[in-house]
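Numbering (our numbering), first residue to last: 106 to 738. The C-beta atom is built at its ideal place from N, Cα and C for all residues, glycine as well. Single-structure report; data block below.
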């Protein structure tokens with residue numbers, strides 16, 4: 106035990122002490138024996154005797170007392186890690202040259218090791234550190250503290266050797282399991298080089314234009330819906346009239362069946378209409394309106410996606426149905442790849458993503474599907490950051506939790522099955538949260554699809570959607586009240602919306618349902634959908650309401666059996682409505698879509714294109730005229 110306590114001191118100080126002894130007592134050889142005695146005294150008795158002996162002898166002896174402790178330090182450390190230091194210490198020690206004393210105590214070995222070191226170099230620092238007896242006491246006190254600083258030199262090697270021995274097998278153990286399961290994941294396929302010109306929206310003097318490469322087009326398009334063979338014939342005739350009026354941009358509805366072969370089926374339509382359109386108009390460019398369509402036994406394959414309204418009716422797949430929309434996204438990506446890799450991409454402006462205009466009807470009720478319930482609970486967790494106390498306080502319900510929250514009941518309190526527009530923030534937080542959720546999940550779904558199109562078209566094509574009817578819809582569960590998310594997104598280039606159905610006749614306001622200035626502020630193009638019912642073509646049967654085609658009543662005061670889209674009975678009324686919309690587009694700086702919504706030939710007459718012929722020259726003048734800031738009352 107006493108040997109272990111004294112072996113804690115520094116091993117490096119032993120060399121200077123022996124060098125000093127060698128210089129002061131060179132003729133006398135019995136000096137090593139007193140050192141042995143002092144060592145034995147310290148091992149048997151406390152340190153004070155050694156201090157007295159050193160003070161009586163000389164300062165050199167005091168250095169021996171201080172050096173004796175470091176010598177024992179090495180003995181202790183060599184004893185603890187004899188296996189580790191045996192190999193590195195062998196070249197430094199001289200123990201192999203003196204076999205007779207190797208049998209003696211380890212103290213002799215430490216001395217002989219250090220006497221082999223050059224004495225004169227170590228003598229100089231010793232004279233500085235131990236000239237007074239006080240330093241001896243100081244040297245004894247730090248002897249216990251020096252182990253913390255000493256391991257920086259020698260013990261580091263020991264630690265390294267130990268770590269190497271211990272970590273080497275550990276690394277082998279870790280490497281073995283990593284090597285077996287690690288399978289080289291296939292790297293994502295590199296995107297092919299961009300073959301076609303870049304398409305973008307540009308604002309000049311506050312007026313938007315569509316750039317196809319370096320060529321600028323006025324934002325005026327013809328929309329047709331060739332959903333049947335007869336409708337396709339009428340759409341083709343109207344494309345010829347549009348070309349004669351100077352319109353070379355076309356928007357055609359392309360149905361994308363959500364199944365494994367949907368992309369190929371949709372691409373066949375695009376290929377057909379691209380070839381037919383280029384024959385009619387060699388300068389034709391197309392904005393494909395992609396309509397996602399559930400087909401086959403989708404209700405059986407995706408039972409959680411079926412929308413079940415409060416009135417008992419069943420709708421299409423919910424926007425919350427992740428499984429169904431994953432397949433739709435895959436088919437959309439496959440379609441974009443086909444278009445961008447083929448020659449049809451050279452005539453493609455972009456993709457207009459449509460799914461029932463992304464809204465729920467007012468009177469049918471809420472989306473109560475299983476997918477909507479699960480998505481609503483996840484939305485609540487994110488919204489309240491997992492704090493159930495805040496949820497119960499906002500819902501005014503002390504028992505609700507994130508796992509038990511349900512969709513609130515549909516409670517129409519106004520005539521014709523309409524719901525109220527304002528809710529109490531303290532007691533009706535349940536309804537407020539659900540309405541916010543519907544808008545948020547709808548905007549997220551649109552952005553997910555738009556991001557995919559931008560990625561696989563390599564940012565070349567335009568992407569937009571019909572969304573943001575915030576000035577038209579009155580029911581809070583429409584799903585259109587997250588417009589800010591789309592305006593802030595870099596993946597959205599344009600939005601579209603029809604004129605207000607409540608004020609679109611000649612002499613009326615023709616109000617827009619979207620805040621156009623907000624879109625211009627974010628450099629997004631707004632396309633006004635001019636879907637007027639005209640007396641041309643099959644639309645001559647103006648007495649028949651067109652409610653069979655609409656997705657939901659946008660006119661708040663209308664009853665369900667009234668027509669939502671009032672007809673225009675004369676060619677003069679059509680021209681007046683078109684000129685009003687043209688003046689509005691030039692003033693507010695937005696584009697126009699002249700629409701034949703159902704392929705009935707609403708624009709199948711030269712008189713219907715009078716405003717379009719005037720628009721080309723006016724748009725050229727508008728882009729050269731600086732815009733004045735809007736007046737604010």
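query: In chain order, what residues of the same chain have a beta carbon less than 6 Å from the beta carbon of residue 312, not counting five sequence neighbours either side?
result: 694, 727 and 728
- request: Compare the C-alpha of residue 683 against each of 604, 734 and 732 and name the closest.
  value: 604
task: Express the C-alpha separation of residue 386 and residue 358 in angstroms, rounding to a whole number.
output: 18 Å
task: Give every residue of the same chain whose Cβ lies closer than 7 Å to the Cβ of residue 525, excluding the five residues on either side of it in the sequence, and list them in chain order.
output: 518 and 519
query: Exposed or buried, which one is residue 314 when buried takes at least 16 other CB atoms within 10 Å?
result: buried
Where the beta strand (DSSP E) through residue 390 begins and ends: 390–398
message: Taking DSSP's pairing of strands, which residues face residue 529 in a bridge?
response: Partner(s): none; residue 529 has no beta bridge.
query: Using DSSP with H/G/I as helix, E/B as strand and the rest coil, what is residue 699?
result: strand
query: Do the CB positions of residue 541 and residue 424 come within less than 8 Å of each other?
result: no
query: In or out: residue 495 buried (at least 16 other Cβ within 10 Å) or exposed?
result: exposed
query: When we look at the beta-carbon of residue 445 and count the other beta-carbons within 10 Å, is it buried (16 or more) or exposed?
result: buried
Beta-carbon proximity of residue 602 to residue 574, cut-off 8 Å: yes
Residue environment, residue 467, which counts as buried when at least 16 other CB atoms sit within 10 Å: buried
query: Who are the near neighbours of residue 558 in its chain, counting only those whose CB is closer than 6 Å to its CB and skipping five residues on each side?
result: 441, 456 and 568
message: Less than 8 Å between the C-beta atoms of residue 717 and residue 352, yes or no?
response: yes
query: If you scan the segment 485–511 from start to end, which runs of the alpha helix (DSSP H) of 4 or more residues do you find wholly inside it?
result: 493–500
message: Could you check whether residue 470 and residue 414 sit closer than 8 Å to each other, using their CB atoms as the reference points?
response: yes
message: Using a Cβ-Cβ cutoff of less than 7 Å, which residues in the same chain neighbour residue 409 once the five nearest sequence positions on both sides are dropped?
response: 426, 474, 475 and 476
Segment limits, beta strand (DSSP E) that includes residue 457: 453–459
- prompt: When we look at the beta-carbon of residue 546 and count the other beta-carbons within 10 Å, is it buried (16 or more) or exposed?
  reply: buried
query: What three-state label does DSSP hand residue 420 in the structure shown?
result: strand
- request: For residue 621, collect the residues of the same chain with a Cβ closer than 8 Å to its Cβ; drop the 5 residues on either side in sequence, then sort them by chain order.
  value: 631, 693, 694 and 695
query: Shortest alpha-carbon distance to residue 690 belongs to which of 393, 635, 400 and 487?
result: 635
- prompt: If we count the other Cβ atoms within 10 Å of its Cβ and call it buried at 16 or more, is residue 307 buried or exposed?
  reply: exposed
query: What residue range is occupied by the uninterrupted alpha helix (DSSP H) comprising residue 635?
result: Premise fails: residue 635 lies in the beta strand (DSSP E), 630–635, not in any alpha helix (DSSP H).
message: At the level of alpha carbons, what is the spacing between residue 319 and residue 594?
response: 24 Å
- prompt: For the candidate residues 361, 348 and 486, whose alpha-carbon lies nearest to that of residue 383?
  reply: 348
- request: Please state if the CB of residue 458 and the CB of residue 395 are separated by a distance shorter than 8 Å.
  value: yes
- prompt: Taking Cβ to Cβ, would you say residue 431 is nearer than 8 Å to residue 709?
  reply: no
query: Whose C-alpha, out of 576, 598 and 536, is nearest the C-alpha of residue 582?
result: 536
task: Could you spell out where the alpha helix (DSSP H) holding residue 372 opens and where it closes?
output: 367–385
- prompt: For residue 571, which residues from the same chain have a beta carbon less than 8 Å from its beta carbon, with the 5 sequence-adjacent residues on both sides left out?
  reply: 457, 459, 462, 463, 600, 601, 602 and 634
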